[in-house]
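In the working numbering, the protein residues as written are 54 to 312.
Where a beta carbon is used, it is the ideal one built from N, C-alpha and C, also for glycine.
Since we're looking at a predicted model, the values are computed, not measured.
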């Protein structure tokens, strides 16, 4: 048996592991070992893990030794395209969240240097560290600054990337589509400012991703929805049932609702 470190990350839908395994908080590697049978560790990942699995002595073709990065197959990567039948379509990168150490300094940079405008902000009493939403078009925000971080930033400066879809039905389909790949969203529903309905999950490197629909729009008078109209929810079903003023949450396909 050839020895080495093999890099395997199957893109095929997987079956969630048996037993009462819960997503990890701090030690995903331990969770994977606990949930995945030893015979499958060379080929599988656990329910919410897209980390690369490194295993010594796996007999499956030619093992590839990693020395700090993946072995890149350019032709294989260039052939990776949108699969037919994907039940939703990303229309654009909607906004990016950035972790900052000095929220006032960063707000000044994005307004004075890049010409963005502040839509609204949340103080320390609403979110630890504060939160500032900035816009460059009519979307409620294109950049969100998450304050309260110490330098150097642990875990990097990226807070999250958000992708927009054009219908509420697609957000529901994203949720079900993720489960086919054993990816469990760690948030679904509606947060507060912006009032978009979303699912949130992580990519293989732990980056926070959001897919959302219907973020509030801001006109030339810069008027924003009052906080009294925010309708925060913790499920997509509740987001449909408790819509804020002006947001039509009627599903074209009601069967997408979970019972």
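(request) Using 10 angstroms around the beta-carbon of residue 280, count the other beta-carbons present and answer buried if the total reaches 16, otherwise exposed. (result) exposed
(message) Quick check on the burial criterion: 16 or more other C-beta atoms within 10 angstroms. Buried or exposed for residue 152?
(response) Classification for residue 152: buried.
(request) Could you tell me the distance, in whole angstroms, from the CA atom of residue 60 to the CA atom of residue 123? (result) Low per-residue confidence applies at residue 60: pLDDT is 28, beneath 50, and the placement is therefore not dependable enough to give any value.
(message) Helix, strand or coil for residue 161? Go by DSSP, reduced to three states.
(response) helix
(request) Under 6 angstroms Cβ to Cβ from residue 192, same chain only, skipping five residues before and after it: list those, please. (result) 268
(request) Classify residue 238 as buried or exposed, calling it buried when 16 or more other Cβ atoms lie within 10 Å of its own Cβ. (result) buried
(message) Between the alpha carbons of residue 146 and residue 158, how many angstroms are there, rounded?
(response) 25 angstroms
(request) Find out if the Cβ-Cβ distance for the pair residue 261, residue 213 is shorter than 8 angstroms. (result) In terms of Cβ geometry, residue 261 and residue 213 form a close pair [threshold 8 angstroms].
(message) What would DSSP say about residue 264, mapped onto helix, strand or coil?
(response) strand
(request) List the whole-angstrom C-beta distance separating residue 169 from residue 187, where the pair is believed to meet the contact cut-off of C-beta under 8 angstroms. (result) With a Cβ gap of about 4 angstroms, residue 169 and residue 187 count as contacting.
(message) For residue 230 and residue 140, I'd like the C-alpha separation in whole angstroms.
(response) 8 angstroms
(message) Please tell me whether residue 218 and residue 198 are closer than 8 angstroms, where the distance is taken between their beta carbons.
(response) no
(request) Taking the CB atoms as reference points, tell me whether residue 203 and residue 164 lie closer together than 8 angstroms. (result) no
(request) Run the CB neighbour count on residue 295, radius 10 Å, all protein chains shown included, and call it buried at 16 or more, exposed below. (result) Around the beta-carbon of residue 295, fewer than 16 other beta-carbon atoms lie within 10 Å, marking it exposed.
(message) Quick check on DSSP: helix, strand or coil for residue 129?
(response) helix
(message) So, with DSSP's three-state summary, where would you put residue 145?
(response) The answer is strand: DSSP assigns residue 145 an E or B state.
(request) For residue 198, write down the residues that DSSP places opposite it in a beta bridge. (result) 151 and 185
(message) Short of 8 angstroms in beta carbon distance, which residues of its chain neighbour residue 266, apart from the five on each side in sequence? Order them along the chain.
(response) 217, 218, 219, 220, 221, 223, 224, 249, 250 and 251
(message) According to DSSP, simplified to helix, strand and coil, what is residue 156?
(response) helix
(request) Can you tell me which of the three DSSP states residue 221 falls into? (result) Helix.
(request) Ignore the nearest five residues each way along the sequence and tell me which others in residue 263's own chain have a CB closer than 6 angstroms to its CB. (result) 213, 215, 251 and 253
(request) Return the bridge partner residues of residue 209 from the DSSP annotation. (result) BP columns for residue 209 are empty, so no partner.
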